[in-house]
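What follows is a short report on a single structure.
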Amino acid sequence: MTAATVPSFDRSRAIEFGASAAIHVALIAGLSLVLLGKPKPPPPPAPMDVTIADDVGLVATAPQNETPPAQSQAPELGKPEDAAPAAPAAEPEPVPVKPAPAPKTAEPAPPKPRPAPVPPPKPAAAARPQPQRPAPAAAPKPQPAKTRPAPSGALAGIVGRTGAGTTPGAASRTPRGSSLGGVMSGLGATPNNSKSSTPKGATMSAAAAMDIGQKIKQQVQPCANRQTNPGPGAERIRVTVRLRINRDGTLASRPTIEGHDGVDGDNARYQRQVDDRAVATFMGCQPLRGLPPDLYDVPNGWSNFLLRYKLPG
Amino acid sequence: MTRRLPLIALAALLAPAAQAQTATAPTPTPTPGGLVVDVEGGISAPMGIAVPPMPTSEVVSTPAGPTDALGRQLADVITGDLKNSGLFKPLPTGQLLNVPFAEATAPNYTGWSAAGATALVQGYVRANGNGTLTVGCYLYDTAQQRELARQGYVLPFGEWRRAAHKCADMVYTRLTGEGPYFDSRVVYVSETGPKGKRVKRLALMDQDGFNGRFLTNGQTIVLTPTLSRDQRRIAYLSYLDKKPTIYVYDIASGRQTKLVTDVSLAFAPRFSPDGRWILFSMAQNGNTDLYRIPSGGGQWQRLTTSPGIDTGGSYSPDGSKIVFESDRSGAQQLYVMNADGSNQQRISFGNGRYATPAWSPRGDLIAFTKIGGGFHVGIMSPTGGGEKMLTDGWQDEAPSWAPNGRVIMFFRSTQGGSGVADLWSVDLTGVNERRLPTPFDGSDPNWGPIRTD
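Protein sequences appear in the order of chains A and B. Here the first sequence is numbered in this note's numbering, starting from 4 and rising by one per residue. Here the second sequence is numbered in this note's numbering, starting from 6 and rising by one per residue.
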């Protein structure tokens, strides 16, 4: 019984399949022709830097609507040399690929230093893709957004990648060569194609830096005072933490541990705990308030600074 | 959740390497002109922590009680461990909200932070079909709003307290930087009866004083027990047959074996770290010296020869050295020598006499009893420097180290004729003295290593 019906079924299916295949081929060919006929492909998304933070504490703090300011000009061009890359094992998860600055697309790189105040062709935020993750605010998980827009500012190219996959106690940074030169000149490790017109008039004077430092210290001191001493000798450790701050004073990415002083054989066991307390000192008392907006992303501005913390004694 | 598991495992694997990297990183030279903010602050106070009852996926009756009750008891034991360390200040029970099962891995950071908890310990308990219990333990930082550590334990119903101790150890090690010590046991001498007719029994208990049991019936006096590193044997002094000598008790079989035979007086046994040897003192021809004997029995070897009493030997954690007391200078003082008896050097020079030295499992300190105007427990470095007294009781003696070298247990005798002794512990910093809740009086505590069975 089934033997009689099956062949005819197969035959009709075969016909259907053949027709379908033919239509698909025609469709693809047609579409290809249409695309080929176009003079230019649509411009790819504007390049951006993505910071991959392992566990980022606060939600909805990323400056998603901000346009990174244009890079400041530098006397020397060329990106800082990277030292030997960190061991791949130091990455807890694959780093989402940053959209590479497309070499031959809509915005050919100008041969000379870019004029700063060019009106952006469109709101950068709208064009910026949010790779792989929803907005942090919508994340229901305890460990929200792992992807962040680049910290804005001239330092974005450098700092934007240093936080990849770190925890405060286990910072793994990409060792890089002449990053300080890059910082000073405003050159990042990667080009920044932003056309933001953020004015660059203000500069950080020594007095202004001292004033900002005082303001930050006053704000975080109450949280420092709450930190508990884990054990004898921990008070000899001084930890240096790099903090990247958003314009609204919130933390832009997970703090990274830059180094320690005073670690010896007797207190090394407390190093990670002092790291935790340094980070908690800032986390508990953010966002920073009352800092001058015009000194946010100038060279040495408060968008990115070092906090050195130690327990008393 | 399923996606995060491999991440966590990976992070755990990577942590040591990453930490090693930060350990070697020197403080960077700040960018010239870059903003650097120096902040100093902190307190020597316990850290606020919350340990709410652990929810259960389904209330199941078990031989250890229903799983919802177990969830509360687990939290209580963890709370007790952390509080007893002196380094944590758990939120009082009244401030603890019940955590729904789904929230165990998705904590309410802001709520707990507002309640004063810097750290949060959550978990869950589940009864398995095969007579075991699964306990999950999660540690969160409420300021950084992230998970710091997690562990899971599967164990028989009757051993649920160990899951709590293991969880407390995870929390303690991550937040303090010290090694674990809650999942460990203590062997000691339990004392009952009137003075002059004391019944002294060998007893074994968890470090928090629970799960105690007696190993001997008290018909003969036992003294100075010491637990082997593998925790299978206890060496001690027994007056069996009226001849005080050293016996070894096998915990699994309950069998007692006389180790040192045909001598008039052998005492103060201590296992070597590798368990191969037992160090002891023996009086021969009016001279007491240190000897060692294979822990399974055999021929002893003499390690010291000086006139006077050499006793109270304790091995360094690597087994290469021995600290002991000797009155060769006229009064009891501490000496350090190589494990073969060579290179004997006096390390204590203070006023008073020094006795019962115990080498820290960390290797960095030696605890002792100092005699002079009372008995007090103190510490010094293995070269004799940095002497510091930790206790100030009427009669505190016989210190023994927690497996992490941060806490010391000793026994304290009351002033007066009653001669009652109890077990106490004190933090290395000299604070947080507390009495252990043993059912009877106790003396001669010996703190075993972290359990691995």
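Backbone N, C-alpha and C define an ideal beta-carbon position, used for all residues, glycine too.
Check	Outcome
Chain A contact for B/Met-225 (CB, 8 angstroms cutoff)	Looking at the sequence shown, residue 225 of chain B is not Met but Thr. No, no contact with chain A.
Below-8 angstroms beta-carbon distance, B/Ile-48 vs any chain A residue	yes
8 angstroms contact criterion, which B/Val-191 and B/Lys-205 should meet: CB distance rounded	That pair is no contact at about 16 angstroms.
Nearest-angstrom Cα separation, counted from B/Ala-120 out to B/Met-59	18 angstroms
Classification of B/Glu-63 by the beta-carbon crowding that lies within 10 angstroms, buried from 16 upward	exposed
Chain A within 8 angstroms of B/Thr-181, Cβ atoms only	yes
Chain-ordered neighbours of A/Val-223 on chain B, where CB pairs are closer than 7 angstroms	Val-44
B/Arg-439 beta carbon less than 8 angstroms from that of B/Asp-427	no
Check whether B/Pro-278 and B/Tyr-241 have beta carbons under 8 angstroms apart	no
Distance between beta carbons of B/Ile-54 and B/Ala-122, contact taken as under 8 angstroms	6 angstroms
Residues bridged to B/Arg-206 [DSSP beta-bridge criterion]	B/Ser-195
Residue from A/Lys-218, A/Ala-281, A/Asn-232 with nearest C-alpha to A/Gly-252	A/Lys-218
N- and C-terminal bounds of the beta strand (DSSP E) containing B/Gln-261	261-263
Continuous beta strand (DSSP E) stretch holding B/Thr-123: start and end	B/Thr-123 -> no beta strand (DSSP E), and no H or E assigned at all.
Any C-beta of chain A under 8 angstroms from that of B/Leu-245	no
Inter-residue Cα distance where the pair is B/Thr-266 and B/Ser-300	13 angstroms
DSSP state of B/Ala-17 mapped onto helix, strand, coil	Note that B/Ala-17 scores 36 on pLDDT, short of 50, meaning its location in the model is unreliable; the coordinates nonetheless yield the value given after this. In the structure shown, B/Ala-17 sits in a helix (DSSP, three-state: H, G or I).
Under 9 angstroms (Cβ pairs) to chain A, residues found in the region 149-165 of chain B	Gln-149, Gln-150, Arg-151, Glu-152, Leu-153
Exposure label - B/Thr-115; buried when at least 16 CB within 10 Å	exposed
Outcome for A/Pro-71 when other beta-carbon atoms lying within 10 angstroms are tallied against a minimum of 16	Because A/Pro-71 carries a pLDDT of 41, less than 50, the predicted location of this residue cannot be relied on, and no value is offered for it.
Residue burial classification, B/Thr-310 (beta-carbon count within 10 angstroms, cutoff 16)	exposed
Contact list for the region 291-316 of chain A against chain B, Cβ threshold 9 angstroms	Pro-302, Asn-303, Gly-304, Trp-305, Asn-307, Phe-308, Leu-309, Leu-310, Arg-311, Tyr-312, Lys-313, Leu-314, Pro-315, Gly-316
B/Trp-165, enclosing alpha helix (DSSP H) - first and last residue	165-181
Neighbour list for B/Leu-96 in chain A, Cβ cutoff strictly below 7 angstroms	What B/Leu-96 touches in chain A: nothing, since even the nearest Cβ is about 15 angstroms away.
Residue closest to B/Ile-352, alpha-carbon to alpha-carbon, out of B/Thr-388, B/Ile-376, B/Leu-87, B/Asp-315	B/Thr-388
Closer than 8 angstroms to chain B by CB, A/Asn-249	no
Minimum C-alpha distance to B/Pro-404 - residue among B/Gly-318, B/Ile-48, B/Leu-92	B/Gly-318
Extent of the continuous alpha helix (DSSP H) run through A/Val-282	274-286
Interface flag, A/Arg-239 vs chain B, CB-CB below 8 angstroms	no
Exposed unless 16 or more other CB atoms sit within 10 angstroms - verdict on B/Pro-105	exposed
C-beta atoms of A/Ile-215 and A/Leu-310 nearer than 8 angstroms	no
Length of the line joining the Cα atoms of B/Asp-397 and B/Ala-360	16 angstroms
Contacting positions in the region 362-380 of chain B - beta carbon closer than 8 angstroms to chain A	Asp-369
B/Met-52: contacting residues in chain A (beta-carbon distance under 8 angstroms)	Thr-231
DSSP-derived helix/strand/coil call for A/Val-100	Only weak support is given to the placement of A/Val-100: the predicted model assigns it a pLDDT of 37, under 50, and the value that follows is read from those uncertain coordinates. Three-state DSSP puts A/Val-100 in coil, outside helix and strand.
CB contact check: A/Gln-289 to chain B, cutoff 8 angstroms	no
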